[in-house]
Each structure stands twice: as structure tokens, then as C-alpha cells.
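Counting in UniProt numbering, the sequence shown runs from 1 upward without gaps.
Okay, so here's the structure we're looking at.
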Amino acid sequence: MTTQQHPTETTPAPWPGRARRPVLRVLVMAGVFLCALIAFLLGAIYIVCKGPSPAARDLFVHTVMETSAAKFTAHIFLSDEEVQAILDKNGVLETGEVTEAGGEFETGDAQVPKDTIELHDVNGGSFKGKMLVVHDPSRVRVAAIASFDPEGKGQKLEQLVADADAVAGINGGGFVDENGVGTGSVPLGLVIQQGELRAGGMDQEYSVIGFDETDHLVVGRMTGRQAMERGLRDALSFGPAFIINGEPAEISGTGGGLNPRTVIGQRADGAVLLLTIDGRQPQSLGATYQDCIQVMQEWGAVNAANLDGGSSTQMIYQGETVNVCASLYGPRNIPTAFVVDKAGEGEA
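Rendered as C-alpha cells:
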């Protein structure tokens, strides 16, 4: 008896490269897309830098030169000398003015309690922002990290506000930030906190922003010694000054470019104006120096100055961040802030 055997069917083994093909296709497509995107961006930068519009070129240069990470893009098609020439002709013309010693504040709206805080939306052609009006200037002071140690680390604004037991706050002065990766632990310039000079030298000149013992906002260039002799109780360094003694700064060209901004000012009745402007977003590109001056004038500021901006720009009110941070990584660590002390009822 003969048994007939049928051949067993076997599934052919896949080719070694067959399983990898979809992955390779995705990688190739991603690479092509990335190359096309880079080519598009380089082409756009070239057109802006070398195209027919000097105004567009100047605005681009000022905008990217105020960033931590994108400064290099200004130098792709422009020499260092060309970039510096653009910066020199577009900016704030320093006058050397300093806020005059303040007398009595003008009488404000008697219907508004002194401890009132108001939060308002601010809108412009290229930006959106928030304005916090603090009617009692004695509540505004500098908060800072415990140690300005180069090996240390700054704090988020939220933590600075919480540690100060404050109801609100905005980021303050600049800090050492090499290549955009600074830890936020070392402030640039002068810092005075509760009458004590915590950073800066007595004989070096700084762009100073702070409050004196009569709660007047003082802005302008002065040495550490002059600031202490002036009786500044809380102060830090940044700039430029936007309004001094009611006179707006003279801005040439596209000073500052379109960027996120933080600004502090004071009205004649003593109310403090804290402004943050969102930037680097489709719905809010940012504001120029001139935009900031215009906003502060519209809100009645007689003295005002620019604080650190960009990805540092942030406003905290009642435990919440009320602006939109420009960085995908969230708010930065910073060494200083202006905070608003808590008070009784009346905050709106």
C-alpha cells in the first residue's frame, strides 16, 4: 500500500528590507519636508534682509536681536557691521534725564478705594496684553531670590510672588543669560531691596527703575551711590526709560522690534501701571518701544520704563498667570520681580 504525501505549504520569509521600507519612507519624507522648510525660511530671511524694504529689514533685525536664541539669524545675510549700524540708528535717544523728586500725588478718583487693583485687557495693531492698575503705590516693591550665586538658580515668578506673600507680580530686571541658557541667578546691574543695595556698585552707573521712600517711581541713569542718596527703597536695572517727568522718550526707526514686553509706570495720582504684552504668537506678534510708550501715555503714565521682556515676560495675579508666555518651555527662572503686597478688600 502506497501512501501519497502532499507537500506542506510554507509562507515565504519576508525580505529583510521589506519591514523597514515604511519607516524609511517616513524618514525620507520628514527629511525632505525639513529641507524644504529650512530653504523657505532662509529664502524669507534673505528677502527681508536684502529686499527692497529697509523698514522690514530693520524691524526684523531689532526683533531677533532682542531674543536669546535667534540672534544668529540677523547675521546670516548681514555682516556684524551692518547689524550694528541698524541697531544704532533704530532705538531710544538717551537724554540723561532722571525723574524729579516727587511732591504730593494728585488727587485721584475719590470713588475708587485706595486698595483697589484693576486688571484690564490691552489691544494694539500687532499685540494683545494685560494692564494691572495698582492704586496704592506703597504696595509695590522688589522681590528677589535669596542669593545671587552664579552657581545657583533663579526662581519662577510664581514662586517669587508666593514667597513674598503677594497678590500680584511681574518679572523685573535682566540677568546673565549666555547663549540663552542662563539659570536666572545673577541679575544685571543694580538691585535695591528694602533700602539695601544687594547687587551693583556704588560708583557704577546703571539704568535704574525703582520706588523711593515716598512711593514715587524713579527712572533714569544713576550710580548706586546716587540711588541710595536718592532714598530708593526698592529698585532694579533695565531699560530704556520710556517716559520721564511726563516727557516720552524719542524713538528712532523700529526701536526694539516686535517682541513680548513688560513695562512699569506711574500716574500723577500715584497709581502704578504694570503692563505685559504677549508676543511671538500668531494672535499677538509683540510691541515696539513706541507701542509701549503710546499705551502707557493712554493710561496716564508720567514716568515709565521697560523691564526685561521676551520669554521672561509674565504677570501673576491672584495665583494665576494672566498673560501668554512666549516660550514653548514655559516661564523662565528669574532673579528679581516687582510684586504687589496683599491688602484688604477692594481688589477687582
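Here a beta-carbon is modelled for each residue, glycine too, at the ideal position from N, C-alpha and C.
In this text, all values refer to a predicted model and were calculated from it rather than measured experimentally.
CA-CA distance, residue i and residue j?
| i | j | result |
| --- | --- | --- |
| L160 | T183 | 15 Å |
| G300 | L78 | 40 Å |
| Q226 | A305 | 19 Å |
| M228 | L132 | 28 Å |
| R21 | L27 | 10 Å |
| G346 | C35 | With a pLDDT of 45 at G346, under the threshold of 50, the modelled position of that residue is not reliable, and the figure given next carries that caveat. In a straight line, the C-alpha of G346 is about 57 Å away from that of C35. |
| A199 | Q111 | 41 Å |
| G31 | L42 | 16 Å |
| E94 | I243 | 11 Å |
| K156 | T116 | 26 Å |
| E66 | A56 | 16 Å |
| residue 350 | V48 | Past the edges of the chain, shown from 1 to 348, lies residue 350, and the structure says nothing about it. |
| R267 | D291 | 18 Å |
| V122 | Y289 | 15 Å |
| E205 | F33 | 51 Å |
| V61 | I86 | 7 Å |
Secondary structure at residue i, three-state DSSP: helix, strand or coil?
| i | result |
| --- | --- |
| G270 | coil |
| M315 | strand |
| T214 | coil |
| E345 | Residue confidence is low: E345 scores 48 on pLDDT, short of 50, so the model does not pin down where it sits. No coordinate-derived value is stated. |
| M202 | coil |
| P54 | helix |
| V64 | helix |
| I86 | helix |
| P113 | coil |
| Y294 | It is worth fixing the name first, because residue 294 is Gln in this sequence and not Tyr. DSSP places Q294 in helix when its eight states are reduced to three. |
| E151 | coil |
| G169 | strand |
| A337 | strand |
| F72 | helix |
| A164 | coil |
| A22 | The question names Ala, but residue 22 is Pro in the sequence shown. Helix. |
| N179 | helix |
| V324 | coil |
| Q281 | strand |
Quick one: residues in its chain with C-beta nearer than 7 Å to the C-beta of residue i, no 5 flanking neighbours on either side, listed in chain order?
| i | result |
| --- | --- |
| D149 | S185 |
| D177 | S68 |
| T73 | I45 and V64 |
| P331 | K156, L157, Q314 and C325 |
| G220 | E97, V98, T99, V208, A241 and I244 |
My understanding is that residue i touches residue j, with C-beta atoms under 8 Å, so please give their C-beta distance in whole angstroms.
| i | j | result |
| --- | --- | --- |
| V340 | V167 | 5 Å |
| T313 | T262 | 5 Å |
| N245 | N303 | 7 Å |
| A271 | G108 | 7 Å |
| G224 | L197 | 6 Å |
| G172 | F338 | 6 Å |
Below 8 Å CB to CB, which residues in the same chain sit around residue i once its five sequence neighbours on both sides are set aside?
| i | result |
| --- | --- |
| R233 | R141, I192, Q194, G195, G210, F211, D212 and E213 |
| A235 | V142, L190, V191, I192, V208, I209, G210, F211, V218 and A227 |
Excluding the 5 residues preceding and the 5 following residue i in the sequence, name in chain order all residues of the same chain whose CB lies nearer than 6 Å to its CB.
| i | result |
| --- | --- |
| G265 | L273, M296, A301 and A304 |
| G309 | N259, P260, R261 and T262 |
| H120 | M131 |
Beta-carbon of residue i versus every beta-carbon of chain B: anything under 8 Å?
| i | result |
| --- | --- |
| P113 | This model lacks chain B altogether; it includes just one protein chain. |
Examine the ligand FMN and report whether any of its heavy atoms sits within less than 7 Å of the Cβ of residue i.
| i | result |
| --- | --- |
| P150 | As presented, the structure is devoid of all ligands, the ligand FMN included, so that no description of it is given. |
Notebook entry, point to check: Are the segment 89-104 and the segment 245-254 in contact at 8 Å, needing three or more beta carbon pairs?
Noted result: yes
Note to self: For the pair the segment 267-280 and the segment 118-135, tell me if three or more CB-CB distances fall below 8 Å.
What the structure shows: yes
Margin query: Does the contact criterion of 3 or more C-beta pairs under 8 Å hold for the segment 62-81 versus the segment 101-109?
Written below: no
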